[in-house]
Structure formats: C-alpha cells, structure tokens
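Working notes, beginning with the structure itself.
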Amino acid sequence: MTAETAAPAAEFGRSRLRKEDARLITGQTNWTDNITLPGLVHMAFVRSPFAHARITSVDVSAARAMPGVIAAFSGVDFPEQGSLPCAWPVTPDIVMPPHPPMATEEVRYVGEAVAVVVARDRYAAADAVEAVQVEYEPLPPVLDMRTALDESSPKVHPQGNKCFEWVFGNGDIDAAFRDAPVVLERNYRQQRLIPSAMEPRAVVAAWVADEVTLWSATQIPHVLRFALAAFFAIPEQNIRVIAPDVGGGFGSKLQVTAEEVLAVLVAKRVGRPVKWTESRSEGNLTVHHGRDQWQRIRVAADHDGRLRGLSVDLLANMGAYLMLVTPGVPLLGAFMFNSIYKMDAYSFRCTGIFTTEVPTDAYRGAGRPEATFGIERTMDELASELGMDPMELRRRNWIKHEEFPFTTIAGLTYDSGNYEAATARAVELFGYHDLRAEQERRRASGDPVQLGIGISTFTEMCGLAPSRVLGSLSYGAGGWESASVRMLPTGKVEVVTGSSAHGQGHETAWSQIVAEKLGVPFEDIRVLHGDTQVSPKGMDTYGSRSLTVGGVALNGACDKVIAKAKVIASGMLEAPPEEIEFAHGVFSARGGSGKTSTIQEIALATFAAHNLPDGVEPSLDSEATYDPDNFSFPHGTHLCATEVDTETGEVSIRSYVAVDDVGRAVNPLIVEGQVHGGLAQGIAQALFEEAVYDDDGNLLTTTLADYLIPSAADLPSYITDRTETPATTNPLGVKGVGEAGTIASTPAVVNAILDAVRHLGVRDIPMPCTPERVWRAVQAARESGGAR
Amino acid sequence: MARITVTVDGVTYSDDVEPRLLLVHYLRERLGKTGTPIGCDTSNCGACTVQMDGASVKSCSVLAVQADGADITTIQGLAQDGEWHPLQRAFHEQHALQCGYCTPGMIMAAVDLLRTNPHPTEQEIREGLEGNLCRCTGYENIVRAVKSAAETGVTS
Ligand code: FES
Ligand code: FES
Numbered sequence: 001m002t003a004e005t006a007a008p009a010a011e012f013g014r015s016r017l018r019k020e021d022a023r024l025i026t027g028q029t030n031w032t033d034n035i036t037l038p039g040l041v042h043m044a045f046v047r048s049p050f051a052h053a054r055i056t057s058v059d060v061s062a063a064r065a066m067p068g069v070i071a072a073f074s075g076v077d078f079p080e081q082g083s084l085p086c087a088w089p090v091t092p093d094i095v096m097p098p099h100p101p102m103a104t105e106e107v108r109y110v111g112e113a114v115a116v117v118v119a120r121d122r123y124a125a126a127d128a129v130e131a132v133q134v135e136y137e138p139l140p141p142v143l144d145m146r147t148a149l150d151e152s153s154p155k156v157h158p159q160g161n162k163c164f165e166w167v168f169g170n171g172d173i174d175a176a177f178r179d180a181p182v183v184l185e186r187n188y189r190q191q192r193l194i195p196s197a198m199e200p201r202a203v204v205a206a207w208v209a210d211e212v213t214l215w216s217a218t219q220i221p222h223v224l225r226f227a228l229a230a231f232f233a234i235p236e237q238n239i240r241v242i243a244p245d246v247g248g249g250f251g252s253k254l255q256v257t258a259e260e261v262l263a264v265l266v267a268k269r270v271g272r273p274v275k276w277t278e279s280r281s282e283g284n285l286t287v288h289h290g291r292d293q294w295q296r297i298r299v300a301a302d303h304d305g306r307l308r309g310l311s312v313d314l315l316a317n318m319g320a321y322l323m324l325v326t327p328g329v330p331l332l333g334a335f336m337f338n339s340i341y342k343m344d345a346y347s348f349r350c351t352g353i354f355t356t357e358v359p360t361d362a363y364r365g366a367g368r369p370e371a372t373f374g375i376e377r378t379m380d381e382l383a384s385e386l387g388m389d390p391m392e393l394r395r396r397n398w399i400k401h402e403e404f405p406f407t408t409i410a411g412l413t414y415d416s417g418n419y420e421a422a423t424a425r426a427v428e429l430f431g432y433h434d435l436r437a438e439q440e441r442r443r444a445s446g447d448p449v450q451l452g453i454g455i456s457t458f459t460e461m462c463g464l465a466p467s468r469v470l471g472s473l474s475y476g477a478g479g480w481e482s483a484s485v486r487m488l489p490t491g492k493v494e495v496v497t498g499s500s501a502h503g504q505g506h507e508t509a510w511s512q513i514v515a516e517k518l519g520v521p522f523e524d525i526r527v528l529h530g531d532t533q534v535s536p537k538g539m540d541t542y543g544s545r546s547l548t549v550g551g552v553a554l555n556g557a558c559d560k561v562i563a564k565a566k567v568i569a570s571g572m573l574e575a576p577p578e579e580i581e582f583a584h585g586v587f588s589a590r591g592g593s594g595k596t597s598t599i600q601e602i603a604l605a606t607f608a609a610h611n612l613p614d615g616v617e618p619s620l621d622s623e624a625t626y627d628p629d630n631f632s633f634p635h636g637t638h639l640c641a642t643e644v645d646t647e648t649g650e651v652s653i654r655s656y657v658a659v660d661d662v663g664r665a666v667n668p669l670i671v672e673g674q675v676h677g678g679l680a681q682g683i684a685q686a687l688f689e690e691a692v693y694d695d696d697g698n699l700l701t702t703t704l705a706d707y708l709i710p711s712a713a714d715l716p717s718y719i720t721d722r723t724e725t726p727a728t729t730n731p732l733g734v735k736g737v738g739e740a741g742t743i744a745s746t747p748a749v750v751n752a753i754l755d756a757v758r759h760l761g762v763r764d765i766p767m768p769c770t771p772e773r774v775w776r777a778v779q780a781a782r783e784s785g786g787a788r
Numbered sequence: 789m790a791r792i793t794v795t796v797d798g799v800t801y802s803d804d805v806e807p808r809l810l811l812v813h814y815l816r817e818r819l820g821k822t823g824t825p826i827g828c829d830t831s832n833c834g835a836c837t838v839q840m841d842g843a844s845v846k847s848c849s850v851l852a853v854q855a856d857g858a859d860i861t862t863i864q865g866l867a868q869d870g871e872w873h874p875l876q877r878a879f880h881e882q883h884a885l886q887c888g889y890c891t892p893g894m895i896m897a898a899v900d901l902l903r904t905n906p907h908p909t910e911q912e913i914r915e916g917l918e919g920n921l922c923r924c925t926g927y928e929n930i931v932r933a934v935k936s937a938a939e940t941g942v943t944s
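First to last, the sequence lines map onto chains R and V. Position 14 of the first sequence, counted from 1, bears residue number 14 in this note's numbering, the numbering being contiguous throughout. In this note's numbering, each number is its position in the second sequence, counted from 1, plus 788.
As structure tokens, this is what we get:
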C-alpha cells in the first residue's frame, strides 16, 4: 500500500446514514414506471396459456381495430427480432436453441410472449390483448427433470432435453470411496424459486432519429447496451441505457429480456416512445426463476469424521430456453460443495435439462446456496451417522486459520479466513451448549414441541470475478469494473461508477471511500451511476461484486487523482514531487517550508491553470479499471434454533445468530442490512417459498397470495455480529456481502428442523418445510417404527 | 366517466375518471404522484399504501370513484414544512430501507399502526405491518424504526 492508503480510517468502518434515503423516503424516486414522455404509448403482451404448443395462427386484426390501439404485432412481424443471448456456453457441445423474444412457431412455457399490442394507455392495451386471436395445437409438456432424459419423454426442443453435461473433479475419487469406513448418500431437492424484487420490471424505449434510449429496471445497463449492439445489430454508439432508481433485483434483473428487446423494436416501428410495466402475476410467469435442482451427494469419511471424498451429481433445470447466464448458475456451485472443508478427492457432475417451464437464471447466491445447502445438510447427516456433534465434525474438517492462503480440492485459493473465530463468537452469542442441554431434556421428557439446532459454517465465492477465470469457464465477458473521479473546480467531487446500484447503497459507501482517500467531506461527493451516457464503462452489479471490484476500482481512481495533484502541489509548494506528502486532504512538503495546500485549492488551481508546472495537463480527473486476481471468500457461522411442534408440524425460529466475516466493512450499517435481507430470503427458501407447476405445466404460484414471500410477522429477529479477517487480495481488504446471508441461512434452518425430529426417525423434509410437510415426515417416521 | 373531487396532499382536484380506474393509477398517472408505487395486482404487497381520511388503505384496491370526496395523504405529503415525519426520520436513521420500493407504503402503514397503537410491542409491529412486503431488509430495521419512532413519540 502507498503512504496515502495508510491514513487513519476515519470514514472506513463508519456507519454513515445513507445518502440515497432522502429521495426514497419522500417519494421523489425515479422508478422506470414513473417516466412519461410526449406521445408515450403502452405495450401489453399476449402470452401463451400452454406449457407447450405449436402456434397455428395469430390474428391481431381485431385488436388493431380497437379504439386507442396504435398497433398490434405477432412474432412474424419482427423478422429482425433475432434470439435472446446466452453469454455462458458452458461446454463446447452445449445445446443452445434459438430463443426469439416473441415465439413464432412453438411456445415452450406458460407466459411466453406471442403477440404485442400498443395502445394509448395501459387499460386500452389490456383490453386489446383480449382481442388477439391465437390458435394453438397443444404438445405434451416436459416437467420432471428426472424423466426428461428418458427415450420416451416428449422433447422441448428438436435437439432433445439435454442441454449440457459438465464434469469436474480433483483427486482420486474412487480411492477415497474405496474401503471408506463410512459412506453416505443423500438426495436433496432445491425447489424452484421466484426472485420477487418488489419493483416489477418496467421498460421505456424512445428513438430520436437513429438513437435509442432505453430506460429499464435492470441491474445491468452496461451489459444490456452491449447485448443490444452485439445481438440485435443496433450500433453501440447509438444506444443509451438508463437504469433509474431500481427497486431490488436479486439476480432477476441481471437479464436481457424479451420485453426490453421488443420495446426497442416496437418503439422504432410505431415511431413513438413505448412503455411496458409488468404486473406481478405477469412477472411471476415470465421473470426468470431461480434454483431448481436435484442433488445427489455422496460422502466418504473415516470413523473419526475426517472427510475422504465428496461426489456431487446434479440435475439442473434450465427451463425452456437459455437466458443470459442460465447454464453457468449451477456451475458456480461446482467450486463450493467442498466449502470450508479439506478432503482428498472431489467429483462434480451437472446435467442441464430443458423443461417446459420458465427459464431459470441467477437468483441471490446463484449456485452457491445450492452447494452450501448440499454440503451443510450432508455434514449434519454425517455427524448423525457417526454419532458426533455436528459442530465437532465441522471443526475436524475445516481449514485452520493458520493454513491460509489455502488451495481447496476444487482448485480455488481462499486468501483469508478464520472459521474458528467466527464460530466461537456465534457459539457464544447463541448459547450453544445451554441449548444442547435443553434439547437433551426435552427429548428425554418427550416434549411434543422439540428443539432443534442448525449449523451452517459457510463460505462462498463472490466478487465476480477475475476476467481470466471467467474466460476459462467459457463466460462471454470479463469481470472488471470501472470508476472515475472528477475533481470539480470548487473542490467538490463527482464519482462515476460502472457498478449499478439497486438498493445496495453505493452512493453512500462510494462517498465514504472517496472521503477516506481524498480527505474531502462526505457531503461534498456525488456518486453517479446507472446511465451509459454518464457512466460509459461498467460491468454492473451482481455476484456481490460491487465493493470488491467496483469499490477497489474507485480506490485506484483516487490514487491517480492524488498522484496528479502531487505534481501540481509540488509547483505550488515549491518542492519536488517526491517530497510532497498527502494526508487527510492536505498536501505538504516534507520537512520543508511548512506550506500546505488542500486538495480543494489544488482543484481550483488546476481549473484556473494559470500556474501549472510545464507539461502538466489541467485536469485532476482520473479513471481506473480493476480486474481482481481472485474471487472474494466471505465466510461465517450461522446458528439457528427452531421449535418444531411434532403434533402440528409447525416450525418457529426461536433464535438466529449470524456471525459473518466479510473482511473490512466500509459501512457496518449497510453490511448489517445486507445480512438481514439475505437471511430473510434464505429463511424463506427453507420455510415458505416454492414456485409450483401443475401437471399441465401451469404455474400455480402467480401471485403474492400463492407465492409466499414472508412478511414481518413470518420472520424472527436476528442476532448479527462480525469478525473481521481482511481480504489479502485487494487493497481495501473487503469481501462481498450481498449474498452471504441467503447462502448461509437455508441449511441452518433446515438442519435445525431436522435436528429437532431426527431422533424420531425423520431423515429429510423437502423445502419449503411447511407445517404439512413436517407433520407428514414425523407421521411417516412414526408409522415406520420411529427412532433408529 | 364519472366526476370526482379528491384532496391529495393538500391540493383539491376535480377530474373525470373511468369507473374502473384504480386510485393508485389516478394518483400516479393523472396527478403525477409517482411517490406511491405498485408492487402487485392482488392487494398483497402494500407498496401502494396511502392514508385516506386518516386511515391507511391500499390504493390499488380502491377505485378512484370511491375516493370521491376523500382527503388523501401520500408519502409525498407526509413531511410538513420541509420537516420529515418522525417515521421518515426513523426509517433513515435505522437503515430501514434498501431499494426503497416498499418504503412509501411501509411508512404510511406504520403511521396508521402508531395512530391506533402508539406503543406497540415488537410482535404488534410485525403483525401490524403484515400486509406490507419488503424483499430487501428482512424487516429487522423496519421493526427497529417503528419502535424508535414510537419511543420518540409520533404526533401526526
Ligand atoms: S400494489 Fe397495492 S397491495 Fe400491492
Ligand atoms: S427496501 Fe426494497 S423492498 Fe423494501
């Protein structure tokens, strides 16, 4: 680190209240759906009611004739519509079927768009949708991954239902299992989830001559711009994408959607700006879903619990088509099933399968929650098999703090971590030993309400990502991030980031980084993002990458400002540049005249440019791009205590302790908020949420009355704390935090439920662990003879 | 078309509206009161919550014609003379929002909660806000915010 980065951390680690809040709590927000433009018209889509069908005719003429209707189109009206991109062809022989934004020949999931109407207002557009006549010839749906590869299964695409098979491994897996004293196999279901950002998707597209502006509730304005240029033949320089205030994403807005592409094409065709805002039920049918795997996990261990080998075999539901990163999501888990544990051998296989359901793609955690669930559930099962405390089993296998950096069996090098410290803190906050004693008593007394303790000692890989690694995994783009700093003449600062916030608090955290580095007041900094005209370069926000990549880029841009200012300061302070020191916003000459100059004075002097040293350009502005060398590996220990009523199946979370280690925290308040939100989503997977299709392929969970995202009354209060083991792979020492809570909490909760009823003979309960499912599992165990 | 007269955030409007027009669309699209967002189409999320004649309602489940003669306060009318309402302050201070999409509805629902129960327990807060969904915060800080606003005393 340079001298200036070693300054005392006044802003770093400070729980600043957020700058973003002022507009958000007063209703001065700029959601995409708020946008109005002269002549704006509204789009609405006609969507397939069939999971799988041939389209025999689409007749939009009646719709076109309705009052207030400007136009109506079917897919064949857009020969230029092309195919929605998938950026992650994970194997050379992956099947990548064409994916037109509007279906023309066949529909492959309920909700797929077949026609679009354009009308003066959203009510007229909704009426016109009803008037479009579409005839279908139904085809058999494909809904179960486990039979989709059978010879007799109907085919989603002519090429068949297998999308890819990806294998990976390290060490001699056969040797690890051969003669292993303990071998255990478990099969888990990762149910299908609907990301459910509270802001539905919305798009506005407007052309002026050959330039198009697209406002979208997206996480990825930069990637979207690139995609429109690369896949839909719009010259890149003519495209501006704006992500205004975006109401949450969780991966669901990390997408290039049919509606975005069609908004651009339709706006051009009708010669007027168009808007489309989905309803929640339309969104549940069409926003990509998450998770949806069958996992077969085998583990081999010694009698003392030492892990010898782990073998993972996944079926991953792609849904009907491959979207932006669909096939890559389960593979992000490939490197994480081994988690924090040491072992001799590891093997992983994932088969991607097409079904006639909504495509899957990234949802908070993307691949890592699945892996963490698989391993953490299995560790508990193994502990039970060995008759060992599940914490002790983990302790025997995890990487010790003195062993970092540690290269895992999956080939990743974890830079830093301290599982002992996080666990010790969690155990203490939780009262682990007292709860175990209480559990013992309640088991002995046959209490109808049993107590369970669930453990999740997790890590994850985030901060996506080293571009080289992404390339080696066949991903279509890099993982760098860009930032620039503009010193304004009055000493205020504009920061431009390529990271596109949608609730994370970048405006606050980025201001703290700049205030810390440049010594300017927090209030004097404005952070700009989410508009490709303002922020032309970026890779956007997903995979807990903003701070670890974008924040570090900003750190670099600040260093460049300081370096430039030093040269100018040397002229003003009449000392050679190498004698200029900088701390807390003030330049001074070492040992010299005692003269100083603030960074604001230098900004003004640079603007005036009257007395700059020869050859120095009159600008302090700088830009930096950062491409990390490694992923970020936050970790933590989560402990959950559940009360399980064995007579009703009801589960309540009695306490939840999360101790996370995300390295240095720029803003602990924001970090804690990220953990809270992550916990809620992970707990929701364990207890409440599931996207359900009926036997015909109709989605039954289209509304928030059927797809149960939890309310305040459904969730417990959380106890959170942090240990701080700085990352060694970036100069800020930071690690990602956006997904950690979600990744860790699902297995903690399910382990706690199982721990409450395992002694009754229950081996597994599929998620979500609803009262009915818990009750049935307990009943079934009792009927088959109960406790082992 | 039906004629309605509604007072919204202190200004009275008279408008002809289609009988099927939802209050939330009237607020957003006719009056430009876009501070009140829409999160669902089944009255489950609470994002659209406003005060109507002093009590909170989900403005997506009220027709504009039903608001005829009503006095409505949206999030945009909650601050008085440039001073944030104590709940707005509490949401800011307790970091009770992230993306902010649920926030207007959450604050308006909380105003009503504290009106009917000025000193709620944590459980009462959780149950009182059951009709308002947030996907970002996990509710922990929302509960804290409502608690702290209750402690400092909400007057309006
Ligand atoms: S928009 Fe009114 S309750 Fe969801
Ligand atoms: S803050 Fe994003 S939904 Fe509540």
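All C-beta atoms in this analysis are idealised placements derived from N, C-alpha and C, irrespective of residue type, glycine included.
Output yes if chain R places a C-beta closer than 8 Å to the C-beta of residue i; else output no.
i	result
residue 944/V	Only weak support exists for where residue 944/V lies, its pLDDT of 46 falling under 50; the coordinates are left without a value.
residue 908/V	no
residue 874/V	no
residue 892/V	yes
residue 798/V	no
residue 824/V	yes
residue 864/V	yes
residue 881/V	yes
residue 889/V	yes
residue 895/V	yes
residue 811/V	no
residue 928/V	yes
According to the Cβ coordinates, are residue i and residue j closer than 8 Å?
i	j	result
residue 627/R	residue 479/R	yes
residue 355/R	residue 156/R	yes
residue 565/R	residue 525/R	no
residue 218/R	residue 183/R	no
residue 926/V	residue 641/R	no
residue 686/R	residue 734/R	no
residue 264/R	residue 201/R	no
residue 41/R	residue 120/R	yes
Can you check whether the C-beta of residue i is within less than 8 Å of a C-beta belonging to chain V?
i	result
residue 709/R	yes
residue 554/R	no
residue 811/R	Because chain R in this structure spans residues 1 to 788, residue 811/R falls outside the shown range and cannot be described.
Tell me residue i's beta-bridge partners as DSSP assigns them.
i	result
residue 868/V	871/V
residue 190/R	293/R
residue 623/R	484/R
residue 839/V	844/V, 861/V
Are there 16 or more other CB atoms within 10 angstroms of the CB of residue i, so buried, or fewer, so exposed?
i	result
residue 368/R	buried
residue 917/V	buried
residue 377/R	buried
residue 80/R	exposed
residue 791/R	As shown, chain R starts at 1 and ends at 788. That puts residue 791/R outside it, with no answer to give.
residue 6/R	Note that residue 6/R scores 44 on pLDDT, short of 50, meaning its location in the model is unreliable; the coordinates nonetheless yield the value given after this. Residue 6/R is exposed by the Cβ-count criterion.
residue 100/R	buried
Nearer than 7 Å: is that true of the beta carbon of residue i relative to any heavy atom of ligand 4?
i	result
residue 914/V	By its list of ligands, the structure shown excludes ligand 4, since it contains just ligand 1 and ligand 2.
Inset, instruction - Closer than 9 Å, Cβ to Cβ, to anything on chain V: give me those residues from the region 220-252 of chain R, in chain order. - result: 245, 246, 247, 248, 249, 250
Inset, instruction - For the region 709-739 of chain R, enumerate the residues whose C-beta is nearer than 7 Å to any C-beta of chain V, in chain order. - result: 709, 711, 712, 713, 715, 717, 718
Inset, instruction - Scan the region 178-210 of chain R for residues whose Cβ lies nearer than 9 Å to a Cβ of chain V and list them as they occur along the chain. - result: 195, 196, 197, 198, 199, 200
Inset, instruction - Mind checking the region 670-698 of chain R against chain V and listing, in chain order, the residues whose C-beta falls within less than 9 Å of any C-beta there? - result: 670, 672, 673, 674, 675, 676, 677, 678, 679, 680, 681, 683
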